[in-house]
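There are 2 protein chains.
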Amino acid sequence: MDDHFIKPGYPHDHHVCLADAMATAKAVCSERGTRLTEMRRRVLELIWGGHQAVKAYDLLEMLSEPDRKVRPPTVYRALQFLLENGLIHRIESLNAYVGCRVPLSHHISQFLICNRCATVIEMAGEDIASMVTREAENHGFLIDSQTVEVHGVCAPCTGPQT
Amino acid sequence: MDDHFIKPGYPHDHHVCLADAMATAKAVCSERGTRLTEMRRRVLELIWGGHQAVKAYDLLEMLSEPDRKVRPPTVYRALQFLLENGLIHRIESLNAYVGCRVPLSHHISQFLICNRCATVIEMAGEDIASMVTREAENHGFLIDSQTVEVHGVCAPCTGPQT
DNA sequence: GACCTGCATGTAATAATATAACATAACATG
DNA sequence: CATGTTATGTTATATTATTACATGCAGGTC
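The listed protein sequences correspond, in order, to chains A and B.
To convert, note that position 142 of the first sequence is 142 in this note's numbering; the numbers rise steadily by one, no gaps.
To convert, note that position 161 of the second sequence is 161 in this note's numbering; the numbers rise steadily by one, no gaps.
Next comes the structure, spelled out in structure tokens:
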């Protein structure tokens, strides 16, 4: 299998994902004139610690020191910033946050969520998105945002065969 | 427009929806040998009070009397029962619950959610569902359940024209 | 540099959503 | 009616998120 396309859930050199994500974030913010502050950078980095969705209060813990506790608003504000800038997604069915691979059209989200290993795979199903749009139009519905969340078992978790 | 197909969001004779839903629920439970108890029936009825999603704690309030307070577990248990029997859906992006129009395949949910009037329209997009399934299969992903939640503005809320 | 301004973060309190654990009641059935 | 099962009641608490107000810090302007 081509190494170039990373499949979350399979072993891979994750620090490439992380580095990529951070570089992209920097670029996006600089282009938009928004500030990727230390706190926001740390939160994004923690979320990109893997391909699992991360919970706000887990971030809180990870950010806190015994002496220096971080409080919820701090984390939620960083999350809001990252969401607004399309750098992360919220997985509604998990109340958790995951790094975005395509920080452009962030009102379209499509996820495969593994119930075993919790890995979240972001799909870029143009065809699904446009079919959803068409269906909505048939109802005279004006779309703001669309989300697809699929739960199940990812390929590595079903075993090598199948 | 044909009166026979009710469009949530448009004026209609809602007690037909309600009556339908309750009759279906009764049938489903009787067929499955599960019990539609008084509490479950009341919760379902409240949820079917309209085509908006209803929050658990709003149900709590509606069920409580000044003297006789209903507690969270009671409501959440009723909700769980109704979910398990495919009589309601949970709207993840709202933390709220809405009546199900198709109490069969309840691990496929597709909703149009109006940001203005909060009406939830359940779609039955076979084509969307199968495209999602196909896309998941391409990733070697084994589906348990799939959810589509689309936010935007429903037809009546965009005005009569458009 | 001194000063302002605006954005970012800190802090305290609390709201909103949901579950665990155990006690009691209602129901079905031999 | 005794018994096991399912449903509900009750208390406490866990989890997720926001409001409101105080403080700090980065960048521009004089």
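All C-beta atoms, glycine included, are put in the ideal place defined by N, C-alpha and C.
All of these numbers come straight from a predicted model, not from anything done at the bench.
{"query": "Chain B beta carbons: is any one of them nearer than 9 Å to that of VAL150/A?", "result": "yes"}
{"query": "Who are the near neighbours of LYS55/B in its chain, counting only those whose CB is closer than 7 Å to its CB and skipping five residues on each side?", "result": "ASN95 and ALA96"}
{"query": "Please report the straight-line C-alpha distance between LEU36/A and ILE88/A, rounded to a whole angstrom.", "result": "13 Å"}
{"query": "Would you verify that the beta carbon of ALA53/B is, or is not, closer than 9 Å to some beta carbon of chain A?", "result": "no"}
{"query": "Starting from the Cα of GLY50/A, find the closest Cα among GLY86/A, THR74/A, CYS157/A and LEU18/A and give me that residue.", "result": "LEU18/A"}
{"query": "Might you give, ordered along the chain, the residues of its own chain that have their beta carbon closer than 6 Å to the beta carbon of CYS154/A, omitting 5 neighbours on each side?", "result": "GLY9, CYS114 and THR119"}
{"query": "For my contact list, SER93/A and GLU92/B are in at a C-beta cut-off of 8 Å; report their separation, rounded to the angstrom.", "result": "5 Å"}
{"query": "Indicate whether at least one CB of chain A lies closer than 9 Å to the CB of ALA96/B.", "result": "no"}
{"query": "Apart from the five residues just before and just after ILE47/B, which ones in its own chain have a Cβ nearer than 7 Å to its Cβ?", "result": "VAL54, ILE88, TYR97, VAL98 and GLY99"}
{"query": "Please confirm whether ARG42/B and ALA78/B have their CB atoms less than 9 Å apart.", "result": "yes"}
{"query": "Listing by chain order, which chain A residues have their CB less than 8 Å from the CB of ASN115/B?", "result": "ASP144"}
{"query": "Could you check which residue in THR133/A, THR24/A and MET123/A has the C-alpha nearest to that of LYS7/A?", "result": "MET123/A"}
{"query": "Under 9 Å between C-beta atoms, does LEU112/A make it to chain B?", "result": "yes"}
{"query": "Taking ASP127/A as the query, report the chain B residues whose CB atoms sit under 7 Å from its CB, ordered along the chain.", "result": "MET131"}
{"query": "Hey, could you find the ends of the alpha helix (DSSP H) ASP127/B is sitting in?", "result": "126 to 138"}
{"query": "In the DSSP assignment, the alpha helix (DSSP H) including VAL98/B goes from what residue to what residue?", "result": "Unbroken run through VAL98/B is the beta strand (DSSP E), 96 to 99; no alpha helix (DSSP H)."}
{"query": "Using 10 angstroms around the beta-carbon of VAL16/B, count the other beta-carbons present and answer buried if the total reaches 16, otherwise exposed.", "result": "exposed"}
{"query": "Using the beta-carbon of each residue, which ones in chain B are nearer than 9 Å to VAL153/A?", "result": "PHE141, LEU142, ILE143 and ASP144"}
{"query": "I'd like the span of the alpha helix (DSSP H) that includes GLN52/B, first residue to last.", "result": "Run containing GLN52/B: none; DSSP gives neither H nor E here."}
{"query": "Tell me, which residues are paired with ARG90/A by DSSP?", "result": "TYR97/A"}
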